[in-house]
Amino acid sequence: MVRNRHDDPLLPDDVTPRDLDKVARNELKTLNKENAEDVARHLVMASRLIETDPEEAHQHAISASRRAGRIGVVRETLAITAYATGDYALALRELRTYRRISGSNEQLALMIDSERGMGRPERGLEEGRAVDRSTLSVPAQVAVAIAMSGARLDLGQAEAALTELEIPQLNPDVAFSYSTELFDAYAEVLEELGREEESAAWRTRARIADEAVNGGDDDVIEVFDEEEDDGAVHEEE
């Protein structure tokens with residue numbers, strides 16, 4: 480939660496505003512220079528620590544939000560770190576604020592998962608159905624499908640969970656950044672349904688996709704430039 484009293488976590492000297500993504504930095508241009516630099520550095524630290532120390536990352540996000548609470552990327556970061564610490568109510572509240580500020584539904588999957596974290600998968604499904612997914616980026620569409628599938632599993636609806644994942648991006652012949660997670664989710668539901676052989680096959684496809692995207696055997700994998708093929712990696716025959 481965001482406490483009334485908050486002590487800023489230390490910022491390492493080697494962390495600079497330029498370490499922040501350029502798009503995020505542009506959102507901070509409405510702030511004065513000194514404040515923008517402090518906010519940027521706290522956002523950088525939140526990003527760096529989210530996997531290894533989510534609580535400390537959250538403290539950096541709180542510091543940023545206290546300085547720039549009307550900036551979309553700041554509220555988005557606070558939501559993400561709140562979710563990582565298990566504060567799903569705060570995550571959901573901040574995600575709604577982020578959506579109101581930015582007009583973006585790109586964090587819809589995290590909203591669904593926040594509802595799930597609060598024990599409300601039905602409301603998560605309602606959140607997902609309320610948005611036209613074709614308006615989302617492809618990675619966000621995939622993330623929503625995975626979150627919706629998880630909500631179905633929470634409700635014991637394994638067949639419906641499988642259907643949620645049967646989207647055009649479930650293509651075993653092409654690897655994108657989102658393919659590993661999608662293939663693994665599909666394998667998990669197949670296992671839940673007792674379809675062990677199919678599940679194992681999709682686990683293997685997930686591993687191959689991960690190796691392809693993150694640098695596999697060049698004799699087996701052909702990588703295309705994003706401009707040529709939307710960031711896809713194809714497995715050669």
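Residues in the sequence shown are numbered consecutively from 480, following the numbering used here. Beta carbons are placed, not taken as given, at the ideal position from N, Cα and C, and that holds for glycine.
If you follow the alpha helix (DSSP H) that A538 is in, where does it begin and where does it stop? According to the sequence provided, residue 538 is Gln. The question's Ala does not apply to it. Q538: member of the alpha helix (DSSP H) spanning P533 to R546, first to last residue.
By DSSP, does V668 sit in helix, in strand, or in coil? Correct three-state label for V668: helix.
Which first and last residues belong to the alpha helix (DSSP H) in which S613 is found? No alpha helix (DSSP H) holds S613; DSSP gives it neither H nor E.
Excluding five sequence neighbours on each side, which residues of the same chain lie with their C-beta closer than 6 Å to the C-beta of A624? Within its own chain, the residues whose Cβ lies closer than 6 Å to the Cβ of A624, once the five positions on either side in sequence are excluded, are E643, L644 and I646, listed in chain order.
DSSP three-state assignment for T564, whether helix, strand or coil: In the structure shown, T564 sits in coil (DSSP, three-state: anything other than H, G, I, E or B).
Using three-state DSSP, classify L574 as helix, strand or coil. DSSP places L574 within a helical segment (H, G or I) once states are collapsed to three.
Can you tell me which of A503, L604 and R684 puts its alpha carbon nearest to the alpha carbon of L634? For L634, the nearest C-alpha among the options comes from L604.
Buried or exposed for H485, please, with buried defined as at least 16 other CB atoms from any protein chain shown within 10 angstroms of its CB. Exposure of H485 is indicated by the presence of fewer than 16 other C-beta atoms within 10 angstroms of its C-beta.
Please state whether DSSP places V552 in a helix, a strand or coil. Helix.
Counting C-beta neighbours from all protein chains within 10 Å, is the total for L499 16 or more, i.e. buried, or is it exposed? With 16 or more other Cβ atoms within 10 Å, it is buried.
Give the C-beta separation of V621 and Q648 to the nearest angstrom, bearing in mind that I take them to be a contact with Cβ-Cβ under 8 Å. With a Cβ gap of about 5 Å, V621 and Q648 count as contacting.
If we require 4 or more residues per run, which alpha helix (DSSP H) segments fall completely within the segment 481 to 506? Within the segment 481 to 506, complete alpha helix (DSSP H) segments of at least 4 residues are found at 501 to 506, given in chain order.
What is the DSSP secondary structure of Q586, counted as helix, strand or coil? It is coil, neither helix nor strand.
For T659, which residues in the same chain have their Cβ closer than 6 Å to its Cβ, ignoring the five residues on either side in sequence? Excluding the 5 residues flanking it on each side, T659 has same chain C-beta neighbours closer than 6 Å at A685, A688 and D689, in chain order.
Residue closest to A543, alpha-carbon to alpha-carbon, out of E530, L571 and L490: Ranked by Cα distance from A543, the first of E530, L571 and L490 is L490.
How many angstroms separate the CA atom of V518 from the CA atom of R546? Cα to Cα, V518 sits roughly 7 Å from R546.
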